[in-house]
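Asks: Letter by letter, the sequence shown follows residues 41 to 334 in the working numbering.
Think of the CB as a built atom: it goes at the ideal place given N, C-alpha and C, for glycine as much as any other residue.
Mind looking over this structure? Questions follow.
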Amino acid sequence: MPATHPRELGLTADCENCFGLCCVALPFSASADFAVDKEAGQPCHNLRGDFRCSIHDRLRDRGFPGCTVFDCFGAGQKVSQVTFEGRSWREAPETAARMYAVFPVMRQLHELLWYLAEALTLEAAEPIHVALRQAFDETERLTREPAGALERLDVAAHRAGVNELLLRTSELARAGLKGVERRGADLIGARLRGARLRGANLRGAYLIGADLRGADLRRADLIGADLRGADLSGADLTGAVFLTQAQLNAARGDAATRLPATLTRPGHWAEETSDPASSHRPRPARRSSRGRRR
């Protein structure tokens, strides 16, 4: 399997070929992320008959920002079109419960495929490319198992094995940079404007509402880092390791934010930034450093 762009590998959401699984299978509670409560298996009241969202272009305005930061990594269309061969839960209600159970398992597998695909593009990880390719192929094979096998799969054990390779990939990618070790750190609301975080280990770090304006995050490991409401205006994220689109969608930024080539600038960023140069101008300090602005 040649290393290619995640989109070419089917690891980005294709809602046109999905049965709205994220809008049905998953639960959510009324909060800053969702305007209402919804139980697992209950279709969202915004889901149309054609499996499209009736407020897709107004989700943030209508109180559903949580929907805009969710990423199935292409699991939705895989379950819909491959596992269940194009038969929806509306056409075959007897399959609904199994489809909803398989979807979160498939999402985890597709997330691992995303990370493995990225690892295979990194020249620094060449010493373990063979092992990475084997892990990718095995994970891809699992995604094509029948529904019953996917329900029984010990996905946590599989993740643990793949994570060892991802950890090694991170070490190789950041070698020689002497980046700070802040794995799992509580950096909620931290004032990190202009911080030198090149090659930092920020795996699983809590960066909710952090001020990262102008920060150097090149080749930083951001796998699992919580960037909700973090201000990335003017930050440099080129070469950041294991950064996903969902993480960017949950953060804030501007036209001066530099991103990896495989990711796109979220549309809401332009709405929240006055001009591209604003991240380089002095700004008054915020009264609260632990805000969760969306």
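Would you call the region 223 to 234 and the region 198 to 210 in contact, with 3 or more CB pairs under 8 Å?
Replies: The region 223 to 234, when compared against the region 198 to 210, does not touch it at the 8 Å Cβ threshold.
Asks: Quick check: the region 122 to 129 against the region 147 to 156, are there 3 or more CB pairs under 8 Å?
Replies: Touching, no.
Asks: Specify, as a first and last residue, the run of the alpha helix (DSSP H) that His169 falls within.
Replies: It spans 169 to 183 - the alpha helix (DSSP H) in which His169 sits, taken as one unbroken run.
Asks: Report yes if the CB atom of Cys84 is closer than 9 Å to the CB atom of Cys63, and no otherwise.
Replies: In this structure, Cys63 lies closer than 9 Å to Cys84 by Cβ.
Asks: When we look at the beta-carbon of Gly293 and count the other beta-carbons within 10 Å, is it buried (16 or more) or exposed?
Replies: Under this definition Gly293 is a buried residue.
Asks: In the structure shown, what three-state DSSP assignment does Asp294 receive?
Replies: Three-state DSSP puts Asp294 in coil, outside helix and strand.
Asks: Whole angstroms are fine: how far does the CA of Gly216 sit from the CA of Arg238?
Replies: Their Cα atoms are separated by approximately 11 Å.
Asks: With a CB to CB cut of under 7 Å and the five nearest residues on each side skipped, what residues in its chain are close to Leu66?
Replies: Once the five neighbours on either side are set aside, the close Cβ partners of Leu66 are Ala80.
Asks: Who are the Cβ neighbours of Ser210 in its own chain at under 8 Å, not counting the five residues just before and after it?
Replies: Closer than 8 Å at the Cβ level, and outside the excluded window around Ser210, lie Asn241, Arg243, Asp261, Ile263, Val281, Phe282.
Asks: Going by Cα to Cα distance, which pick from Leu272, Asp251, Glu221, Glu131 is closest to Leu232?
Replies: Here the closest residue by C-alpha is Asp251.
Asks: Keeping to the same chain, check which residues put their C-beta closer than 6 Å to that of Leu49; ignore five residues upstream and five downstream.
Replies: Hits under 6 Å: Ala157.
Asks: Within the region 59 to 128, note down every full beta strand (DSSP E) run reaching 3 residues or more, in order along the chain.
Replies: You should have found no qualifying run.
Asks: With which residues is Arg231 paired in a DSSP beta bridge?
Replies: In DSSP, Arg231 forms a bridge with Asp251.
Asks: Could you compute how far the alpha carbon of Thr304 sits from the alpha carbon of Gln285?
Replies: The alpha-carbon atoms of Thr304 and Gln285 are separated by roughly 7 Å.
Asks: Should Arg323 go down as buried or exposed, given a rule of 16 or more other Cβ atoms within 10 Å for buried?
Replies: Any reading at Arg323 is ruled out, since the residue's pLDDT is 35, under 50, leaving its predicted position unreliable.
Asks: Would you grab the beta carbon distance between Leu61 and Phe143 for me? Rounded to a whole angstrom, and I think it's under 8 Å.
Replies: With 8 Å as the limit, Leu61 and Phe143 qualify as a contact, their Cβ atoms being about 5 Å apart.
Asks: So, are the CB atoms of Ala53 and Cys107 less than 9 Å apart?
Replies: Their beta carbons are not under 9 Å apart, which means Ala53 does not touch Cys107 by this criterion.
Asks: Can you give me the start and stop residues for the alpha helix (DSSP H) that Arg130 sits inside?
Replies: First-last for Arg130: undefined, no H or E at that position.
Asks: So what does Glu221 bridge to, in DSSP terms?
Replies: The partner list for Glu221 (beta bridge, DSSP) reads Asn241.
Asks: For Gly348 and Ala230, I'd like the C-alpha separation in whole angstroms.
Replies: The requested residue 348 is not part of the displayed model; the chain covers only 41 to 334.
Asks: Whose CA, out of Ala72, Gln287, Gly116, Ala159, lies closest to the CA of Arg92?
Replies: Residue Gly116 is the option with its Cα nearest to Arg92.
Asks: Kindly indicate which three-state DSSP category Arg258 falls into: helix, strand or coil?
Replies: Correct three-state label for Arg258: coil.
Asks: Considering only the beta carbon of each residue, do Ser273 and Thr302 sit closer than 9 Å?
Replies: Not in contact: Ser273 and Thr302 (Cβ atoms no closer than 9 Å).
Asks: Check each candidate in Leu172, Gln82, Arg102 and name the one with the smallest Cα separation from Trp129.
Replies: Of the candidates Leu172, Gln82, Arg102, the one whose C-alpha sits nearest the C-alpha of Trp129 is Gln82.
Asks: Locate the alpha helix (DSSP H) running through Gly188, then write down its first and last residues.
Replies: Counting along the chain, the alpha helix (DSSP H) containing Gly188 begins and ends at 187 to 192.
Asks: Who are the Cβ neighbours of Ala290 in its own chain at under 6 Å, not counting the five residues just before and after it?
Replies: So the list reads Val109, Leu267, Arg268, once near-sequence residues are dropped.
Asks: Would Gln287 be called buried (16 or more neighbouring beta carbons within 10 Å of its own) or exposed?
Replies: The residue is buried, with at least 16 neighbouring Cβ atoms inside 10 Å.
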